[in-house]
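First comes the structure, then the notes that go with it.
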Amino acid sequence: MSETIFTRIIEGQIPSHRVYEDEKVFAFLDIAPLSPGHTLVVPKEPAATLDALSEESAAAVGRVLPRIARAVMAATGTRDYNVLQNNGVAAHQAVPHVHFHVIPKPGDARGLGIDWPAGRLEAEDGKRMAAAVVAELAKG
Ligand code: AMP
0 MSETIFTRII EGQIPSHRVY EDEKVFAFLD IAPLSPGHTL VVPKEPAATL
50 DALSEESAAA VGRVLPRIAR AVMAATGTRD YNVLQNNGVA AHQAVPHVHF
100 HVIPKPGDAR GLGIDWPAGR LEAEDGKRMA AAVVAELAKG
């Protein structure tokens with residue numbers, strides 16, 4: 000786990016607009032917001048991607064996400080929003096330190112735009128895939 004700019008923000012070496020902090024979580028405004036109030040919720044543990052994050056840090060982030068979302072929506076007067084969490088360069092992750100974007104969606108022109116090239120899950124493929132995932136989960 001190598002240090003990123005987010006570790007330096009958490010440690011106060013780089014300034015940020017902090018909105019929340021506890022023992023395991025830090026949240027601050029995104030410097031390049033997709034809409035006003037765009038916030039990043041970051042575990043202090045410097046895991047690069049979600050699958051590498053400890054259950055303790057994941058639980059700490061999950062516990063506080065709804066409260067931060069409520070606060071951001073109330074502060075911006077927005078009702079709709081997206082929570083986005085990218086893992087890996089191909090998945091649009093620029094900073095390899097786990098973070099959840101809370102992005103208000105005030106209207107069509109602002110917020111997260113989504114390209115959603117939906118396919119169709121065939122019954123046999125679904126059966127096979129579900130069994131593969133279940134088998135992986137059983138490994139612990
Ligand atoms: P991602 O593409 O999911 O890795 O998103 C990284 C986010 O970090 C981007 O939305 C950036 O605008 C944001 N970001 C990068 N550097 C800073 C910074 N110094 N302060 C606040 N946000 C930042």
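Heads up: the sequence shown begins at 0 in numbering that gives the first Met the number 0, then just goes up one per residue.
Think of the CB as a built atom: it goes at the ideal place given N, C-alpha and C, for glycine as much as any other residue.
Computed from a predicted model, the values in this text were never measured in an experiment.
Item	Value
For Asn81: DSSP bridge partner residues	Ile102
Contacting residues, own chain, Cβ-Cβ under 8 Å from Ile9 (five flanking each side not counted)	Phe25, Val41, Lys43
Reference Leu111; option with closest CA among Ala137, Asp79, Lys126	Asp79
4 or more residues per run - each alpha helix (DSSP H) lying fully within the region 27–82	54–75
Collapsed DSSP secondary structure at His97 in the structure displayed	In the sequence under discussion, the amino acid at residue 97 is Val, which differs from the His named in the question. Three-state DSSP puts Val97 in coil, outside helix and strand.
Check whether Pro95 and Ala31 have beta carbons under 9 Å apart	no
Among Leu28, Thr75, Ile113, the one whose alpha carbon lies nearest that of Val18	Leu28
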